[in-house]
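Sequential numbering of the sequence shown, starting at 1049, is according to my numbering.
Ideal Cβ placement from N, Cα and C applies to all residues, glycine included.
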Amino acid sequence: MSSSRGQQRVEDVYEQQNDQKLDELHSKLRTLRGITSDINADVEAQNLILDQTNDHFGSFGTSLSQASQRARHAFGLAPNGSIVYKPWRLAIAIVLCFLGLWMGLKVFSWFRGGPPA
């Protein structure tokens, strides 16, 4: 009878240890579930940000394409990229080039310290 009581105590000790380990495991599982939920929320937020960024870049691409078409039309470029020369635009470009060179030389001589020409 004393051996059955001793056996019962050993079993009770094992049962208590099992319960304690089970509680620890349950606590760790709750922690992992919380971490997993946090990771999921973070991933969802990042996906939302990526979707918004994709939308912004899409609208920027559309705006850039439209601006490119307007610039192409304004500068007389054909849709295939070849230049359609218009005499008045060519004359303005030549005058602007000469003015730019003249101003560049003035600024360069001013930086060089020479007498103004």
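In terms of residues, what are the limits of the alpha helix (DSSP H) holding residue i?
i	result
G1161	From DSSP, G1161 is part of no alpha helix (DSSP H); its letter is neither H nor E.
Below 6 Å CB to CB, which residues in the same chain sit around residue i once its five sequence neighbours on both sides are set aside?
i	result
F1146	none
Entirely within the region 1054-1092 and at least 3 residues each: give me those beta strand (DSSP E) ranges in chain order. Listed in chain order, nothing qualifies, since the region 1054-1092 has no complete beta strand (DSSP E) run of 3 or more residues.
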